[in-house]
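Report on the following structure.
Numbering (this note's numbering), first residue to last: 7 to 328.
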């Protein structure tokens, strides 16, 4: 977790540094980011993990248009975890490779905070600004004896514009929540998840949400795209949305209560409340017929569906109990 948090901070800072880089670097066709890391020796596995993670991250950023319209190129030099070699690599990265930012140094390679800031942010003015934010945040945490959170301040370029760049991405994931008996009660999966540090939102490609609490009919929602809010309380599904509430327990002589299939182009789901709603056109299919409407609220706990307007379709009445 510490490695992931550290890379998230570095990723956000690097993108800000690149997007707002000094004019002298604009002549380059790509932003060169330098890294001196142990690719050999006792810490080789650690150094390679950092390098491979950075390569994957920059690949995603480049696929989204790069930073400031330019691709990012990572240049990694092996220092075998030796401080002197790391220093020589730093000079080479800044002079021969024209690196506009540096990252990935082990603590053993840096004498202290001054050396770290100087290497991470070569531009003196920009370095002073970043460090002042860092030190003010630390001082405040010490004053109130609070927790020092990762320095993810609102990132802005020198012209005042904010950045909205990814800082973490995951390929092919599935997260599961368990109940007190260790049974799956909720899961969310996707082809890819991209997290944004400025507002803590997460964009998901091909999301699939499932609520499978014991004793209740399962609810499954899928779509082409999804967005998880920063507080993790709601998920917005967009494009080819399909929500299925499976058939639940019924009383003797009563028609099956489901399954209910809802299709629309936009749906907001609040998992904790077990509520799904939309103000877009929807189609509801169940064993008794098909209904179309504009606007819907589905309450999974109460097993009710409310339609807002434009309701039309055919629905057979439920057979009375025998």
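Heads up, the beta-carbon is just placed ideally off N, CA and C, and yes, glycines get one too.
Check: Cβ-based neighbour list, residue 216, same chain, cut-off 6 Å, excluding 5 preceding and 5 following; Outcome: 193 and 226
Check: Closest Cα partner of residue 267 within the set 275, 279 and 250; Outcome: 250
Check: Ranges of the beta strand (DSSP E) found wholly within the region 195-261, counting only runs of at least 3; Outcome: 208-211, 214-217, 225-228, 231-234 and 241-251
Check: Supposed contact pair residue 201 and residue 237 - C-beta distance, whole angstroms, cut 8 Å; Outcome: Not really, about 14 Å apart at Cβ, beyond 8 Å.
Check: Which residues DSSP lists as bridging residue 280, in chain order; Outcome: Answer by DSSP bridge pairing: none, since residue 280 is not bridged.
Check: Cβ-Cβ distance between residue 48 and residue 95 below 8 Å; Outcome: no
Check: Which listed residue (189, 137 and 214) has its alpha carbon closest to that of residue 197; Outcome: 214
Check: Nearest residue (CA-CA) to residue 79, options 276, 92, 97 and 103; Outcome: 103
Check: Segment limits, alpha helix (DSSP H) that includes residue 60; Outcome: 50-69
Check: Which residues DSSP lists as bridging residue 37, in chain order; Outcome: 78
Check: Start-end ranges of the beta strand (DSSP E) lying completely within the region 292-319, minimum 3 residues; Outcome: 295-305
Check: Where residue 321 falls, given that 16 or more other Cβ within 10 Å makes a residue buried; Outcome: exposed
Check: Rounded C-alpha distance that separates residue 63 from residue 51; Outcome: 18 Å
Check: Limits of the beta strand (DSSP E) - the one that residue 180 falls within; Outcome: 172-184
Check: Extent of the continuous beta strand (DSSP E) run through residue 107; Outcome: 107-109
Check: Range covered by the alpha helix (DSSP H) that runs through residue 97; Outcome: 89-101
Check: Residue 300 and residue 314 closer than 8 Å at C-beta; Outcome: yes
Check: The region 280-288 / the region 301-310 touching (three or more Cβ pairs under 8 Å); Outcome: yes
Check: Rounded separation between residue 123 and residue 137 - CA only; Outcome: 7 Å
Check: Distance between beta carbons of residue 212 and residue 244, contact taken as under 8 Å; Outcome: Rounded, the Cβ-Cβ distance is 12 Å, inconsistent with contact.
Check: 8 Å Cβ cutoff met for residue 239 and residue 276; Outcome: yes
Check: Buried or exposed (CB count within 10 angstroms, at least 16 for buried), residue 179; Outcome: exposed
Check: Three-way DSSP call (helix, strand, coil) for residue 86 in this model; Outcome: coil
Check: Environment of residue 323 [buried if 16+ CB atoms lie within 10 Å]; Outcome: exposed
Check: Closest by C-alpha distance to residue 1, when choosing among 195, 246, 319 and 265; Outcome: Residue 1 is absent from the structure shown; the chain starts at 7 and stops at 328.
Check: Any non-hydrogen atom of the ligand NAD closer than 7 Å to residue 59 Cβ; Outcome: Within the structure as shown, the ligand NAD is missing, as the structure has no ligands at all.
Check: Distance between residue 55 and residue 83 (C-alpha atoms, nearest Å); Outcome: 14 Å
Check: Exposure label - residue 130; buried when at least 16 CB within 10 Å; Outcome: exposed
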